Amino acid sequence: MNLNKREREMGEEGSTGRVTCSILSIDHTNMFYRVCAVCERTISDPTFVCHPSNPPSKRLFRILMSVATDTQVLTVVCFDRVARLLFGCSADEFFHFAKLHPFSGVTVNEILEGEIFTITLSKPVNANAQHLRVASAVPLSSAFRPAIHLLKQCYETPHHS
Numbered sequence: 079m080n081l082n083k084r085e086r087e088m089g090e091e092g093s094t095g096r097v098t099c100s101i102l103s104i105d106h107t108n109m110f111y112r113v114c115a116v117c118e119r120t121i122s123d124p125t126f127v128c129h130p131s132n133p134p135s136k137r138l139f140r141i142l143m144s145v146a147t148d149t150q151v152l153t154v155v156c157f158d159r160v161a162r163l164l165f166g167c168s169a170d171e172f173f174h175f176a177k178l179h180p181f182s183g184v185t186v187n188e189i190l191e192g193e194i195f196t197i198t199l200s201k202p203v204n205a206n207a208q209h210l211r212v213a214s215a216v217p218l219s220s221a222f223r224p225a226i227h228l229l230k231q232c233y234e235t236p237h238h239s
């Protein structure tokens with residue numbers, strides 16, 4: 079297995095590295111996965127019920143994104159906890175907003191493009207995973223606002239309060 083320079087610098091599985099980077103793009107075509115609403119076990123079939131007395135599932139973010147450091151471009155994966163910081167809402171909230179505003183995924187890519195963060199990267203725990211994980215993200219601009227706030231402004235009509 080070939081490791082790129084960043085992965086070699088990070089060392090063993092689960093270790094972390096901190097980098098300052100700019101978001102180049104996000105893959106807005108597949109941003110969610112479903113989990114049991116109780117135990118958060120990944121569910122591939124949305125009709126599967128893990129715990130019969132509870133809601134069948136909920137969505138969590140899984141965002142594949144390209145970021146640029148001062149020396150390289152990396153493809154990383156950003157899961158729910160960190161994605162909520164970028165988006166300012168849950169995956170289910172964004173999904174329902176995007177159903178009403180079909181170009182929200184494209185627009186969120188435009189909103190986040192160029193934003194600069196200090197991110198902590200960790201090697202994936204799953205041996206089959208292909209990308210470094212974003213373990214934490216801290217925006218470097220004091221003007222940063224989560225994407226949902228800007229999306230709501232963008233799609234606001236005079237009839238909304």
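Numbering (our numbering), first residue to last: 79 to 239.
Yeah, the Cβ is synthetic: ideal placement off N, Cα and C, and Gly gets one too.
Note that the structure is predicted; figures quoted are calculated from it, not measured.
The beta-carbon separation of C99 and V145, rounded to 4 angstroms, stays under the 8 angstroms limit for a contact. Following the DSSP letters along the chain, one finds T198 inside the beta strand (DSSP E) bounded by residues 194 to 200. Just so you know, the alpha carbons of S131 and D123 end up roughly 18 angstroms apart. Leaving aside the five residues that flank V212 on each side, the residues in its chain whose CB is nearer than 6 angstroms to its CB run, in chain order, V154, C156, V160, I197. The shortest CA-to-CA distance from D105 to any of C117, M143, R112, K136 is the one to M143. In the three-state DSSP reduction, C232 falls in the helix class (H, G or I). Under the DSSP definition of a beta bridge, L142 partners with V155. In the three-state reduction of the DSSP assignment, V203 falls in the coil class, being assigned neither a helical nor a strand state. Sequence-distant Cβ neighbours of V113 in its own chain, meaning closer than 7 angstroms and more than five residues away, are R119, T120, I121, S135, K136, L138. Just so you know, the alpha carbons of T185 and S219 end up roughly 20 angstroms apart. Pairwise C-beta distances place the stretch 163 to 175 in contact with the stretch 225 to 233, as three or more of them are shorter than 8 angstroms.
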